[in-house]
Every structure is written in C-alpha cells, then in structure tokens.
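In the UniProt record's numbering, the protein residues as written are 1 to 83. Cβ atoms here follow ideal geometry from the backbone N, Cα and C, with glycine treated the same way. Right, one structure below, let's go through it.
So, in structure tokens, the structure goes:
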C-alpha cells in the first residue's frame, strides 16, 4: 500500500501542477482569472489522480500510470514554453 500512496501523493501532485501549467497557456483569459481557475481546479485534479493511482494493481503500476501522464503533460509544457 505504501508504494501506491507515494505514487498517489507525489505523482498526483506533479500531474496536477503540470496540467495546470498547460491550462495557463491554453486559456484565453486574463492572468488573474487563469490563476483563480488553476487554484480551483488543482486540488480536484490531484484527488482524481490519487484515486487513479489507488485503483492500480501495484505500486509499480501506479508509478507507470503517473509517469506516462506526466510525460505527456510535460511534453506539452515544453512545447508551449518554446513556441
């Protein structure tokens, strides 16, 4: 249970931060509105990533799930950053 817990806490937090950074690049709103939307959506996104990790069969499977989603989201982050 501990490997899934660590994957849920740390991997879910990184996924939440990365997806919120992507949304800040995509949303066509003012900076303060994007910050507010990010603050409102970050915690529910983190909780859903944690639930997704706990639904895994093992800790390794949870880390693979988080790592795959984080890799895709970080790829979009770098794409948005350099364009």
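Hey, residue i and residue j: beta-carbon distance below 9 angstroms or not?
| i | j | result |
| --- | --- | --- |
| residue 62 | residue 7 | yes |
| residue 19 | residue 73 | yes |
| residue 16 | residue 46 | yes |
| residue 21 | residue 37 | no |
| residue 41 | residue 12 | no |
Between the C-alpha atoms of residue i and residue j, what's the straight-line distance to the nearest angstrom?
| i | j | result |
| --- | --- | --- |
| residue 14 | residue 69 | 10 angstroms |
| residue 71 | residue 60 | 16 angstroms |
| residue 44 | residue 65 | 18 angstroms |
| residue 2 | residue 10 | 12 angstroms |
| residue 29 | residue 57 | 40 angstroms |
| residue 67 | residue 39 | 23 angstroms |
| residue 78 | residue 34 | 19 angstroms |
| residue 81 | residue 5 | 31 angstroms |
When you compare each of the options to residue i by their alpha carbons, which one comes out closest?
| i | options | result |
| --- | --- | --- |
| residue 76 | 5, 10, 1 and 24 | 24 |
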